[in-house]
Amino acid sequence: METRIIDGAALARRTRAALTERATALTARGRQPGLAAVQVGDDPASKVYVRTKMRVCAEVGIYSEHIELPAATTEAELLGRIRALNADPRIHGILVQLPLPKHIGSDRVLEAVAPEKDVDGFHPENVGRLAIGAPRFVPCTPAGIMEMLAATGIALDGRDAVIVGRSNIVGKPMAMLLLHQGATVTICHSRTRELGDHTRRADIVVAAVGRPQLLGADMVKPGAVVIDVGINRLPDGKLVGDVAFDAVLGKASHVTPVPGGVGPMTVTMLMANTVRAAELRDA
Ligand code: GUN
Numbered sequence: 024m025e026t027r028i029i030d031g032a033a034l035a036r037r038t039r040a041a042l043t044e045r046a047t048a049l050t051a052r053g054r055q056p057g058l059a060a061v062q063v064g065d066d067p068a069s070k071v072y073v074r075t076k077m078r079v080c081a082e083v084g085i086y087s088e089h090i091e092l093p094a095a096t097t098e099a100e101l102l103g104r105i106r107a108l109n110a111d112p113r114i115h116g117i118l119v120q121l122p123l124p125k126h127i128g129s130d131r132v133l134e135a136v137a138p139e140k141d142v143d144g145f146h147p148e149n150v151g152r153l154a155i156g157a158p159r160f161v162p163c164t165p166a167g168i169m170e171m172l173a174a175t176g177i178a179l180d181g182r183d184a185v186i187v188g189r190s191n192i193v194g195k196p197m198a199m200l201l202l203h204q205g206a207t208v209t210i211c212h213s214r215t216r217e218l219g220d221h222t223r224r225a226d227i228v229v230a231a232v233g234r235p236q237l238l239g240a241d242m243v244k245p246g247a248v249v250i251d252v253g254i255n256r257l258p259d260g261k262l263v264g265d266v267a268f269d270a271v272l273g274k275a276s277h278v279t280p281v282p283g284g285v286g287p288m289t290v291t292m293l294m295a296n297t298v299r300a301a302e303l304r305d306a
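The numbering of the sequence shown is this note's numbering, which starts it at 24 and goes up by one.
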């Protein structure tokens, strides 16, 4: 079988072009969308991610603030910064880059973000809204994957979907979105026995565990759609996903590459949520 490679970078470019038009229209009315990214400490991966987000803001025409706080910042200080951003009329979206230093309670911080500015979709109110099928802001990685599936014309209704990974950021919201589209959803994780028995039954597999090339060809059904959320750096410096990409070529019907697959769409959905937050405020 010839495997089609889902080009997330190309879809991201098209989506960003449409978002640029919407941001420009808001700016023309004196309502430029604004995003604040709060980063605590100097985790090198977080720095790269936040810089990318800020660069794409500029590309789309979104005003952005990168708030870098020292690792020793107290939870009370961080909560104070978030309250100030909640009240700042230039800012329509607030994201707190995870992970936070261990002395800070992530749950309390995410709950402090005003739900109508929670463009990551991590506030319990937005998590609950997604769970009941009335989403406001959907977490960016799963939202981007749904856009990729839709743009590729992949049917979900009645199909078996297996998600490997149970995080609040990817696995759980991904399960909700696929469920709402009529898929039969299984969530596997580090305690799952015989992972391959599950993944081999799947029409759609989403790998989001952070284990390099965990999903080999022997774990994939012929003709399955394989979505790779992993970004792992091998000792030799090579960037690979959670899927053994070369091994599933010829077996899967579709696969997303790393890099150039899910990543560019994740950042793009953050821009989409921010533009929508500004539009909702403007309405
Ligand atoms: N850390 C890893 N992924 C994410 C994400 O999507 N948003 C935030 N804020 N932090 C993250």
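Every residue gets a Cβ at the ideal spot worked out from N, C-alpha and C, and that includes glycine.
Nearest-angstrom Cβ-Cβ length linking residue i and residue j, presumed shorter than 8 Å
i, j, result
"Val285", "Gly103", "The Cβ separation is near 34 Å, so there is no contact."
"Arg182", "Ile227", "6 Å"
"Ala184", "Ala225", "6 Å"
"Gly253", "Ala230", "6 Å"
"Pro280", "Leu257", "Contact flag wrong, Cβ pair sits at about 16 Å."
"Lys274", "Met24", "7 Å"
"Met171", "Gly31", "6 Å"
"Asp65", "Pro122", "With 8 Å as the limit, Asp65 and Pro122 do not qualify as a contact, their Cβ atoms being about 12 Å apart."
"Glu82", "Arg37", "Actually they do not touch by this definition, with Cβ atoms about 13 Å apart."
Inter-residue spacing [alpha-carbon to alpha-carbon] between residue i and residue j
i, j, result
"Gly233", "Ile186", "13 Å"
"Asp269", "Pro147", "39 Å"
"Lys140", "His277", "35 Å"
"Ala178", "Val208", "14 Å"
"Asn255", "Arg52", "43 Å"
"Thr291", "Met77", "11 Å"
"Lys125", "Leu153", "28 Å"
"Gly219", "Leu201", "20 Å"
"Tyr86", "Ala301", "11 Å"
"Gly310", "Ile28", "The requested residue 310 is not part of the displayed model; the chain covers only 24 to 306."
"Ala59", "Asp305", "18 Å"
Residue i - partner residues in DSSP beta bridges
i, result
"Cys211", "Val187"
"Val63", "Leu92"
"Ser87", "Leu58"
**Message:** Taking 8 Å as the cut-off, does the segment 258-272 touch the segment 292-305 (at least 3 CB pairs, one atom from each stretch)?
**Reply:** no
**Prompt:** Do three or more CB pairs link the segment 65-77 to the segment 112-123 at distances below 8 Å?
**Reply:** yes
**Request:** Specify whether the segment 152-163 and the segment 237-254 touch according to this definition: at least 3 beta carbon pairs, one from each stretch, less than 8 Å apart.
**Result:** no
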